[in-house]
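In what follows, a structure is listed as structure tokens, so that the remarks can point back to it.
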Amino acid sequence: MKNTTRFFALLDIISIVLLAKQFWQILTHLNEIPDQILSQAKVVLLLPLFVSLFISAAGLILKKKFGFITYYIQFPFRLVVWVFSIGFITFLPEMLNLSERWFYILFRICFIAEFFRLYFTIRIHRSIFR
């Protein structure tokens, strides 16, 4: 369990690294956000989600309750904004020059894997904080 929480923290750190450029682009171009509600909602949800990734990563590394709770709060927003724990695998088709079909397959795997992470996070949380 100790290694699993550290692995989940590592996945959050990878998400931070991959989102850093997008986060910076949003911050520096706030006035250029399209008027569509979905674009604005994505920005509004992505900014606090990015900040909360630092909290969940630190909490999971230290095996503190706030790390688990932060992940529970993040979970629905991760699904909406498409910030998946193993989302980095969706870059593989682009890097390996695979067909676009592979992106959709890997995207579905990421979606399912996020539910597995939630399940294991709950089990670990229950076993540590009983």
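When we follow my numbering, the leftmost residue of the sequence shown carries the number 612, and every step to the right adds one. Positions of the beta carbon are idealized from the N, C-alpha and C atoms, including for glycine.
*What separation, rounded to the nearest whole angstrom, lies between the Cα atoms of A724 and F661?*
19 Å
*asked:* Which of the three DSSP states is assigned to H640 in this structure?
replied: coil
*asked:* Going by DSSP in three states, S738 sits in which element: helix, strand or coil?
replied: helix
*Flag this pair as touching only if the stretch 649 to 669 and the stretch 705 to 723 have three or more C-beta atom pairs under 8 Å; answer yes or no.*
no
*Could you tell me the distance, in whole angstroms, from the CA atom of N642 to the CA atom of S696?*
29 Å
*Which residues in the same chain as A620 place their Cβ atom closer than 7 Å to its Cβ, once the five residues preceding and following it in sequence are excluded?*
Answer for A620: A668, L671, I672, listed in chain order.
*Ordered along the chain, which non-local residues of its own chain (more than five positions away) have a Cβ less than 6 Å from that of I666?*
So the list reads T681, once near-sequence residues are dropped.
_Residue from M612, V692, T732, K674 with nearest C-alpha to Q633_ = V692
*Does the Cβ of H736 have 16 or more other Cβ atoms within 10 Å, making it buried, or fewer, making it exposed?*
buried
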